[in-house]
Structure formats: C-alpha cells, structure tokens
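In this text, residue positions in the sequence shown follow my numbering: the first is -2, and each later residue adds one. See below for the structure under consideration.
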Amino acid sequence: MNKTGLAILGLCALAMGGTALANEPGMPRGEKIFGRIDADKNGKISREEIKPQTAKRFLKVDANADGTVTSAEIDAWLRPLMERRKARILARMDADKNGDVSKGELDLFIDTLFKEADSDQDGGVSLAEARAFRMSRMDKLMRNVGGN
C-alpha cells in the first residue's frame, strides 16, 4: 500500500472511530452503554455485570453456534463491516466519485477535517478540540447506527 493509502486509512480510523470493533470485548466508553451494563446502578461495573454482556455480543459472531469463534467466522463477520467502511471512506473523500482517492482529495479532506475540529478558528487544534471533535463524531455515528 502506498503512503497516501496508509494516510487515508489512518485518518479514517481516527475520524470514524472503532466501528468495526463493535463486537470485540472491551470496556464501555460511553455513558449510555456503561449504564446498561451497571445493573445494580452503583456507578461501577463488575466482572459479573460485564461478562454476560460481552460474551453475548462476541458470540453473535459464532455463525455455527458451537461456542467458539474461529478466525474464519471473524473474517466473515468483518467483511460486510469493512465494505460499509470502504463505502463511507469513498463517500467522504472521493470528491470526483471515480472510486479512487487522490492526493488532492486527501488534502481537501484533511483541510475540511481540520476546519471542523478547530472550533475556536485559531489555526490550530488543541487536544481538547481534538477530543471534542472525536466525541461529536462518535455521537453522530452512534445516532446513525441506532445507539448500539
């Protein structure tokens, strides 16, 4: 893969968040999901609260329901997610809609991304602005996929 392709993948990973990792077990990042897992509403999640939730989500990938998720099942589950991600990348970055992202289109995408993240329009993006931008992107993405 060339440098432009790597830059595009890196930017998209940052801009879009970890959508393809939605079934990978991990700690909840959002308040809404944290609240769902915190069954006793004590403000903390225990192993006993999180294990059934993460197992249920992860085992959805187990296509043959044998209790084990194989590499092939993960590949099959990721394939449509990656196709949708590719479509989102091209929809956002391929300005001339020819199926490729040129260096010029990448530059335009970065300029737009930067302008959106620089909330105080001072010509630089602070860590706080970058975090706020990422959170607003994640919130928008979660609303678009139904909040799950």
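Using N, Cα and C, we set each Cβ at its ideal position, and we do this for glycine too.
Environment of residue i [buried if 16+ CB atoms lie within 10 Å]
i                 : result
alanine 88        : exposed
alanine 52        : exposed
methionine 90     : buried
glutamate 102     : buried
phenylalanine 106 : buried
glycine 15        : Note that glycine 15 scores 46 on pLDDT, short of 50, meaning its location in the model is unreliable; the coordinates nonetheless yield the value given after this. So glycine 15 counts as exposed.
phenylalanine 130 : buried
arginine 128      : exposed
aspartate 136     : exposed
Extent of the continuous alpha helix (DSSP H) to which residue i belongs
i              : result
lysine 53      : 44 to 56
proline 77     : 68 to 90
methionine 139 : 124 to 141
arginine 33    : 28 to 34
aspartate 108  : 100 to 114
Option nearest residue i by Cα separation, candidates the options
i             : options                     : result
glutamate 113 : Lys94, Ser133, Thr67        : Ser133
lysine 48     : Asp35, Gly96, Leu138, Ala60 : Asp35
Length of the line joining the Cα atoms of residue i and residue j
i             : j          : result
isoleucine 71 : proline 25 : 21 Å
alanine 92    : alanine 84 : 13 Å
threonine 65  : glycine 23 : 18 Å
alanine 125   : alanine 60 : 41 Å
lysine 57     : serine 68  : 14 Å
arginine 140  : lysine 29  : 12 Å
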